[in-house]
Each structure stands twice: as structure tokens, then as C-alpha cells.
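S.K.: This is the structure I have questions about; it appears just below.
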DNA sequence: AAAACACAGATTGTTCAACAATCTTGGTGA
DNA sequence: TCACCAAGATTGTTGAACAATCTGTGTTTT
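Chains as they are written, first to last, in the numbering used here: chain Y, 1393 to 1620; chain F, 1393 to 1620.
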């Protein structure tokens, strides 16, 4: 399967002054990967990509350097660049991060915004009732972003953005991703109720348990697939 | 002041094939900056540096891309690259991260190693008694690294490594860095005693208070300097 | 026929030279 | 003193080049 074929040639041409062409390259590829147009494990040939994007090989490589630092791609010396395909170990790492940061943000974050969380949970419920899985998953994602935002740290939000991008990669790698989010909506709601009552530590513990079960479930599903 | 002059020409020549020259460049510059040989605000000229390091401008730029993603340098389009010089806002950001992650690692981390912590604290005390400030500061640093390691997450250790590198940059920017660490040794000791008693949450709260006062003290000192 | 080998072609890692765009500098004139 | 301006330096990006390494395909060997 040719990557170039799957690539809608996005000429880097539209007058918009290149703040940094390499960062434009990186964000373009990041989007393609996030949207699943470039699936995990796919090889990114320098010649093909530089032509498709309309940039030089040198600039493309600079973009690669960025994506590599974000763990979105995997660079193997003299072999090439591949879209990252997280394995079980990576999933454990992702959850180790989440289990540290998210409960801490709930327990101690100075920017906790309970009303906003209630709002998002309500949206998740209506989306769930309407059967709109995508919208519900989005609401769920928004909820976790709100949790992180409680920490009041831009850096952590950035880190978690990268970690969650990695999570999406996991789901893209599983062609038959079942609906992992639906049955967590009620749990998130209970969590927010605790927050409304000012029980931040209890909410944090709840979130930790939530992440524990989510990790186990995800790893379990992955194990059934890894028999390939 | 010429940067090239301050730069001990480190030829990139010693046969040892570097997996990626750009990452060698990045780590070399990282070290130079960490050791204070390149002080905050210094401009890193592409021509001068590429000559001094014995690499092409292209490769140097790839290294810059890496350091930029680590916030160690500051890249201004068409202007050049400068060693980052964190300001008060950056310090607040650093402490927001620490105040989230470090207590969480203490409270919930699966890899908590109390004996190792006791060991490090003991070292800090003997160094302090011997008047060896450097050794004491190192022990203090080790202590915080142990705290992070409790989280069991490589990614967080990496993130904190970058954050602490930034902290060192703050100290390098203050030519007259007073001894900030000495009076925290006893506090850390009290903290570890709580851990020995199994009181992880109390230790976490203690650590948060510690970080609060450290931030205030650091910001206070910075304010007295910023009158320049 | 299966496994080891060999070699031509493709790909990556890095350098060099070039050029437009932008910034900096030092001098000029008001 | 200040605004202006041209010459020179620096950055951002490209394209071609080359050595080193990998890949694939066909051939030899067992």
C-alpha cells in the first residue's frame, strides 16, 4: 500500500508566510496521523513525502525531528521513519502518566471548574441518549482536558495533549475499536457530583479507580488482538 | 561578548558513529548550557556554532529544533536562536508542574522507595555538616528525582528532567544565587519520616507546602534582582 | 527445494553552495 | 538628537551531491 497514494497532495504554497516551514510540516503530518489517514506502522518515505508536501528533504527532516520528540513517529537509523504504533508497554506508560497527573489536578489544582465539568457531562449524556457516539467520545475527551486544565499548568496540558494523541494512535491501530467510552459516562458523572460536594480527594481516588479499570480493559482488548 | 570565544571547539570527529548527528549536537549544547558555559540570553549564531561543532548548518538547525521543543532555547524567526532565560512567569509554570506531579508521586506512586530516600537524606545531612554545599544540593536533587521515580513513569521522569534543567537555567541567570537548599534538608527529612510511618498523603501535603514556600522565596529573590 | 550469498538499486544521513527574505549596522542628512 | 537609508550579515529554505546502509531479487550452494 502506497502512502503517497493515500496522501492528498497538500501543496505548501498558499502564500501564508511560513512561520517555520518545518513546524507546518510537523503539524500537517500530525493532523494526518491523528485523523487516521496515516495508520500506525506506515512508512514515511522522505522522497515521497517531500514531493507530496512540496518541501525539501531537509525541511521535511526537521519536521520529523519534531514529531520524533513527540513520540508520534518512530525513527530507525538508516531504516526510515514510521508512524508510531504503541504496544502494551506504551499503554501502561500512558496510564502511569494519567494516573499521576489527572487525580493530582482534581485533588489540588487551583483552576478547578466544576460548572464547566457539569456542562460537559450533561453534553455527554444527551449525546449518549441520541446515540451519537462520536459526540459522546468528544465530550469525554473534553472532560479529561478540563481535569488537566485544573492543574493550571500549560506544560502539563501540552504533555497530556501529546499523551492523548498517542492514545488515539492506539485506537487507530485497533481496526475494530469497540465503544470504550459509553459506560464511563455515568462514572464521570458520579465523580463530578463528588466535586460539587467539595470532596476533591474522594473524586481523585474515584478517578484513579476509573483509570485502573480503563487500562485493564484496554490491555485486555489488545491482548485478544495480539494473537495475529 | 563572543560566544565562539567561550566555546571550546568540540570537533565532531571522534570516529564514534553517532546515531544521529543532530541529537549529538543537541546533547552537546544541552550540556554546555546546563554547565553555565552558555548563559541565558546568549545568541547562538548558526555559522559560528556550525564551525565550532564541525557540523553543517542544516544539521545544527535540526539540533536547534530539538532544543526548542525542550524550551532550552528560544527561537525567534529571522532573528536567531538564544539560550532561554526564564522569567517569573516561567518559574510559576515550573512550580505548577512540580506541585502537581511530585505530591501525586508521593501519594500514589507504585514505585515509592523509602529506604533510598532515607539514604539520600542522610547524605544531604553529612554534606551539610561538612559544609559541602554542592554535594548537598546534588543530594537534594537526587531526592526529588526519587520522588518522581515513585510515579513509575519514564515519561514523567523525562518531563521533570527538562523542567529541572529549566530551573538550573534560572539559577544561572541569577549571578548571585544564594543558598536556597540548605534550610530545606530538615524539611525533606521530616517528609521522609512521614513516609516511613506510611503517611503518604500527609507527606504529599508537606511536599506541596515545601514547594509553595520554595516558589515564593525564589520569586522574591528574583524580584529584588529585576530592578536592574 | 530450502537456505545462504551477492550484487544492483533504492533510501537515509549529511554536507555544500546558493538564493530570497529579513534583520542589523553604520553613516548621512535634516 | 533623531529619522532615514543603503550595504552587509544572518536566517530560512532549496537542490544537488555523495558515502553509508538497507532492500529486494536472482543465483549459487547444500
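Beta carbons: idealized from backbone N, C-alpha and C, even for Gly.
What's the call for residue 1522(Y), buried or exposed, on a 16-neighbour Cβ count within 10 Å?
M.R.: exposed
S.K.: May I ask you to report which of helix, strand or coil DSSP gives residue 1563(Y)?
M.R.: helix
S.K.: Going by beta-carbon coordinates alone, are residue 1611(Y) and residue 1476(Y) separated by less than 8 angstroms?
M.R.: No.
S.K.: Which residue marks the beginning of the beta strand (DSSP E) containing residue 1473(F), and which one marks its end?
M.R.: 1472-1475
S.K.: Can you tell which of 1431(Y), 1568(Y), 1500(Y) and 1450(Y) has the C-alpha that lies nearest to the C-alpha of residue 1439(Y)?
M.R.: It is 1450(Y) whose Cα lies nearest to the Cα of residue 1439(Y).
S.K.: With a threshold of 7 angstroms, establish whether the CB of residue 1507(Y) neighbours any heavy atom of the ligand NAD.
M.R.: The ligand NAD is not part of the structure shown, which contains no ligands of any sort.
S.K.: Kindly indicate which residue of 1581(F), 1595(F) and 1605(F) has the alpha-carbon position closest to the one of residue 1511(F).
M.R.: 1581(F)
S.K.: Counting only C-beta atoms, is residue 1483(Y) closer than 8 angstroms to chain F at any point?
M.R.: no
S.K.: Below 7 angstroms on C-beta distance, what does residue 1607(Y) contact in chain F?
M.R.: Think of a sphere of 7 angstroms around the beta carbon of residue 1607(Y): no beta carbon from chain F falls inside it, the nearest being about 13 angstroms out.
S.K.: Comparing the C-beta of residue 1416(F) with each C-beta of chain Y, is any distance below 8 angstroms?
M.R.: no
S.K.: Less than 8 angstroms separating the beta-carbons of residue 1488(Y) and residue 1592(Y)?
M.R.: Going by C-beta atoms, residue 1488(Y) is not nearer than 8 angstroms to residue 1592(Y).
S.K.: Give the interface partners of residue 1450(Y) over in chain F, defined as CB-CB distance under 7 angstroms, in chain order.
M.R.: By Cβ distance, chain F contributes 1450.
S.K.: From residue 1519(Y) to residue 1531(Y), what does the alpha carbon distance come to, in whole angstroms?
M.R.: 8 angstroms
S.K.: Measuring only the C-alpha atoms, how far is residue 1556(F) from residue 1418(Y)?
M.R.: Taking C-alpha positions only, residue 1556(F) is separated from residue 1418(Y) by approximately 27 angstroms.
S.K.: Would you say residue 1598(F) reaches chain Y, if we count a Cβ-Cβ gap shorter than 8 angstroms as a contact?
M.R.: It does not: the Cβ of residue 1598(F) has no partner Cβ on chain Y nearer than 8 angstroms.
S.K.: Can you round the beta-carbon distance between residue 1472(F) and residue 1527(F) to whole angstroms, since I take them to be within the 8 angstroms contact cut?
M.R.: Incorrect: roughly 38 angstroms between the Cβ atoms, too far for contact.
S.K.: What alpha helix (DSSP H) runs, 4 residues minimum, are completely inside the region 1529-1590 of chain F?
M.R.: 1546-1565 and 1577-1588
S.K.: In chain Y, what lies closer than 7 angstroms to residue 1457(F) by C-beta?
M.R.: 1414, 1454, 1457 and 1458
S.K.: Taking any Cβ of chain Y, which residues in the region 1537-1563 of chain F have a Cβ under 8 angstroms from it, in chain order?
M.R.: Sequence-ordered contacts of the region 1537-1563 of chain F with chain Y read 1543, 1544, 1545, 1546, 1547, 1548, 1551 and 1555 [C-beta pairs closer than 8 angstroms].
S.K.: Mind checking whether residue 1464(Y) and residue 1423(Y) have CB atoms under 8 angstroms apart?
M.R.: no
S.K.: What do you get for residue 1455(F), buried or exposed, if any count of 16 or more other CB atoms within 10 angstroms of its CB means buried?
M.R.: buried
S.K.: For my contact list, residue 1502(Y) and residue 1544(Y) are in at a C-beta cut-off of 8 angstroms; report their separation, rounded to the angstrom.
M.R.: 5 angstroms
S.K.: Whole angstroms are fine: how far does the CA of residue 1468(Y) sit from the CA of residue 1514(F)?
M.R.: 43 angstroms
S.K.: Since I believe residue 1586(Y) is in contact with residue 1594(Y) (beta carbons under 8 angstroms), could you give me their beta-carbon distance rounded to a whole number of angstroms?
M.R.: 5 angstroms
S.K.: Please tell me whether residue 1408(Y) has its Cβ less than 8 angstroms away from any Cβ of chain F.
M.R.: Unreliable positioning characterises residue 1408(Y) in this predicted model, as indicated by a pLDDT of 49, which lies under 50. A coordinate reading is not provided.
S.K.: For a cutoff of 8 angstroms on Cβ pairs, would you count residue 1491(F) as touching chain Y?
M.R.: yes
S.K.: Within the 8 angstroms Cβ cut-off, does residue 1496(Y) reach chain F?
M.R.: yes
S.K.: Strictly below 7 angstroms CB to CB, what residues from chain Y border residue 1488(F)?
M.R.: 1543, 1544 and 1545
S.K.: Pull up the DSSP beta-bridge partners for residue 1466(Y), would you.
M.R.: 1474(Y)
S.K.: Taking Cβ-Cβ distances below 7 angstroms as the criterion, which residues of the region 1458-1482 of chain F are in contact with chain Y?
M.R.: 1458, 1461 and 1469
S.K.: Note down the Cα distance separating residue 1535(F) from residue 1601(F), rounded to an integer number of angstroms.
M.R.: About 16 angstroms.
S.K.: Between the beta-carbon of residue 1606(Y) and the beta-carbon of residue 1540(Y), is there less than 8 angstroms?
M.R.: no
S.K.: Below 8 angstroms on the Cβ atoms is my contact criterion, and I expect residue 1493(Y) with residue 1583(Y) to pass it. Report the Cβ-Cβ distance as a whole number of Å.
M.R.: Rounded, the Cβ-Cβ distance is 16 angstroms, inconsistent with contact.
S.K.: If you check the beta carbons only, do residue 1564(Y) and residue 1428(Y) fall under 8 angstroms apart?
M.R.: yes
S.K.: If residue 1554(Y) sits next to residue 1482(Y), beta carbons under 8 angstroms apart, how far is it from one beta carbon to the other, in whole angstroms?
M.R.: In fact, because the Cβ distance is near 12 angstroms, the residues do not count as touching under 8 angstroms.
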